[in-house]
Amino acid sequence: MAADLTLRAATVAETEAIFVVHVAAIVAHGPSAYTDKQVAAWAAKAEGTERYVDAIEDPSTELVVAESGDCVVGFGELDVENGGVEAVFVDPERNGEGIGSSILNHFEQRLRNEGFDVVRLRAVLNAVGFYERQGYERVERVTTTTTNDVDVDSVRMEKPL
């Protein structure tokens with residue numbers, strides 16, 4: 004983990020910074036596994052920052068930011084009620100520093116504390132290798148249709164806790 008990294012609950016004031024990291028990660032890494040049309044649809048994020056505001060205000064969701072200095076360099080979203088990781092995204096300029104692993108480890112510990120014995124997630128194709136290195140196993144490949152009517156494949160994965 005980066006020495007100056009702090010994980011903490013996200014605030015509504017940070018939703019624009021979260022949005023920027025989210026889209027930057029999609030644009031930087033999406034082309035390795037998806038077509039230009041799929042990346043554009045995925046990155047469009049028609050709901051803007053509202054999705055993050057909803058997650059912050061929802062007691063069954065934990066939205067965390069990874070902060071370095073005064074900058075948001077990553078974020079993650081956990082569905083605490085159902086034991087599912089909804090998102091882990093890192094500023095592409097900070098890849099390889101352990102930020103994504105730190106967020107994931109935080110969520111896994113939270114789920115252990117909540118009594119879960121398995122964590123589930125749906126990984127975009129370009130992130131499957133990352134999750135496999137963290138001990139996750141592939142369950143099945145699935146297709147999601149974006150709000151722009153574009154099909155995007157992902158992989159359901161899980162890991163015993």
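All you need for the numbering used here is the position in the sequence shown, starting with 1, plus 3.
All C-beta atoms, glycine included, are put in the ideal place defined by N, C-alpha and C.
Helix, strand or coil: which one does DSSP assign to residue i?
i	result
Glu117	coil
Glu17	helix
Leu81	strand
Glu135	helix
Ala36	coil
Pro163	strand
Gly103	helix
For residue i, which residues from the same chain have a beta carbon less than 8 Å from its beta carbon, with the 5 sequence-adjacent residues on both sides left out?
i	result
Ala90	His25, Phe78, Gly79, Glu80
Gly33	Gln41, Val42, Trp45, Ala46, Val127, Asn129
Asp154	Gln41, Thr146, Thr147, Thr148
Leu164	Glu111, Leu114, Arg115, Phe119, Asp120, Val121, Val122
So if DSSP puts residue i in a beta bridge, which residue, or which two residues, is it bridged to?
i	result
Ser157	Val127, Val145
Arg11	Val68
Val75	Glu70
Ala90	Glu80
Glu140	Glu161
Determine whether the beta carbon atoms of residue i and residue j lie at a separation below 8 Å.
i	j	result
Glu161	Val131	no
Asp7	Ser105	no
Arg159	Glu135	no
Ala20	Pro95	no
Asp156	Thr149	no
Leu107	Gly86	no
Phe119	Val88	no
Ile59	Val23	no
For residue i, which residues in the same chain have their Cβ closer than 7 Å to its Cβ, ignoring the five residues on either side in sequence?
i	result
Glu17	Val68, Val75
Glu84	Ser63
On the criterion of 16 or more Cβ atoms from any shown chain inside 10 Å, does residue i qualify as buried, or is it exposed?
i	result
Gly93	As written in the sequence, residue 93 is Val, which differs from the Gly given in the question. Per the 10 Å Cβ criterion, buried.
Arg54	buried
Glu100	buried
Glu65	buried
Ala12	exposed
Thr97	Residue identity differs from the one stated: residue 97 is Arg in this sequence, not Thr. With 16 or more other Cβ atoms within 10 Å, it is buried.
Going by beta carbon distance, what residues of the same chain come within less than 6 Å of residue i, once the five residues before and after it are set aside?
i	result
Ala36	Leu128, Asn129
Gly138	Lys162
Gly103	Val91, Val93
Within 7 Å: the Cβ of residue i and any heavy atom of the ligand PLP?
i	result
Thr52	The ligand PLP is not part of the structure shown, which contains no ligands of any sort.
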